[in-house]
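Participant: Structure below; questions to follow.
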Amino acid sequence: MSDIMALLTWTNLRFLLEGLGLTLVISALSIACSVALGAVISIMRGSRLRALRGISIAYVELFKNTPLLLWIMFTFFVAQLPPLPAAVVAFTLFTAASVAEIVRGGLASVPAGQYEAARSQGFSAPQMYVLIILPQALRNMVPALLSQFVTTIKDTSYLWGAMALQELMGRGMILMNSFNSTVQIFAIFGLLALIYFAVCFTLSQFVRAYQKRLKGAR
Numbered sequence: 005m006s007d008i009m010a011l012l013t014w015t016n017l018r019f020l021l022e023g024l025g026l027t028l029v030i031s032a033l034s035i036a037c038s039v040a041l042g043a044v045i046s047i048m049r050g051s052r053l054r055a056l057r058g059i060s061i062a063y064v065e066l067f068k069n070t071p072l073l074l075w076i077m078f079t080f081f082v083a084q085l086p087p088l089p090a091a092v093v094a095f096t097l098f099t100a101a102s103v104a105e106i107v108r109g110g111l112a113s114v115p116a117g118q119y120e121a122a123r124s125q126g127f128s129a130p131q132m133y134v135l136i137i138l139p140q141a142l143r144n145m146v147p148a149l150l151s152q153f154v155t156t157i158k159d160t161s162y163l164w165g166a167m168a169l170q171e172l173m174g175r176g177m178i179l180m181n182s183f184n185s186t187v188q189i190f191a192i193f194g195l196l197a198l199i200y201f202a203v204c205f206t207l208s209q210f211v212r213a214y215q216k217r218l219k220g221a222r
């Protein structure tokens, strides 16, 4: 018991919470950037130009069929970006492939009459998507985007092993190396699991509540 109490100090807890903060920042930035990139890829997928459709399909297939860790290593070791930008770029590029499919589904949920009405009012294609279509599609995309956010939060645990970035998992590993007791090491594992669970479960519950609200509105 004394080993556990020696571990649960404010200094150690703050150390882990700072790592959680970095995890959430990386995840939020990556999701925000991947939504923008994914929207572009999705719109290209629906283009009348075969070249644009081909590029979008190739992009999605490339990132859906290669591991995330490969792109983390690429941005850090090959592109030689600093750790934080490397992490955000890697997650953005990788996640945008999934987000593009989410956006495509959201765009398909918008009635065809909305597209026709926008064109009849003289909107250009960018104006139509930004001002009319995407705001309507976003409502249906929120649950899937939040689920992707949860996945990204968990996937940031790769960053410590790949580039020694001190996100939540990295901070936990550093903390483990400062203790010799097996009980304390197991306690740190348990604490990390509890933090990840608390964050991801809360977001998952929000997704479920939002989905119920959407069904009720219909």
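Residue numbers for the sequence shown follow my numbering, so the first one is 5 and each next one is one higher.
Ideal placement from N, C-alpha and C gives every residue a C-beta, glycine not left out.
Predicted model, so just to flag it, every value in this text is computed and none were measured.
I'd like to know if the region 13-29 and the region 162-181 are in contact, where contact means that at least 3 CB-CB pairs between them fall below 8 Å.
Facilitator: They touch, by the three-pair rule.
Participant: Using beta-carbon positions only, say whether Ser38 and Thr79 come within less than 8 Å of one another.
Facilitator: Going by C-beta atoms, Ser38 is not nearer than 8 Å to Thr79.
Participant: Between Gln140 and Ala91, what straight-line distance do the alpha-carbon atoms span, to the nearest angstrom?
Facilitator: Distance between the alpha carbons of Gln140 and Ala91: 31 Å.
Participant: Mapping the DSSP letters down to three states, classify Arg52 as helix, strand or coil.
Facilitator: In the structure shown, Arg52 sits in coil (DSSP, three-state: anything other than H, G, I, E or B).
Participant: Within 10 angstroms of the Cβ of Trp14, are there 16 or more other Cβ atoms? Answer buried if so, exposed if not.
Facilitator: It is exposed - the Cβ of Trp14 has fewer than 16 other Cβ atoms within 10 Å.
Participant: Using a threshold of 8 Å, state whether the C-beta atoms of Ile76 and Met167 are closer than that.
Facilitator: Result yes, Cβ atoms of Ile76 and Met167 sit closer than 8 Å.
Participant: Just confirm the distance between the C-beta atoms of Tyr119 and Ile137, as a whole number of angstroms; I'd bet it's less than 8 Å.
Facilitator: Yes, Tyr119 and Ile137 are in contact; Cβ-Cβ is about 7 Å, under 8 Å.
Participant: Taking the alpha helix (DSSP H) that Glu105 falls in, what are its first and last residues?
Facilitator: Segment 87-112, the alpha helix (DSSP H) holding Glu105.
Participant: Have a look at Gly109, Leu72, Phe183 and flag the residue whose alpha-carbon is nearest the alpha-carbon of Thr96.
Facilitator: Measuring from the Cα of Thr96, the nearest candidate turns out to be Leu72.
Participant: For the region 180-199 against the region 116-131, are there 3 or more C-beta pairs whose distance is under 8 Å?
Facilitator: No: fewer than three Cβ pairs fall under 8 Å.
Participant: Any idea what DSSP makes of Pro115, helix, strand or coil?
Facilitator: In the structure shown, Pro115 sits in coil (DSSP, three-state: anything other than H, G, I, E or B).
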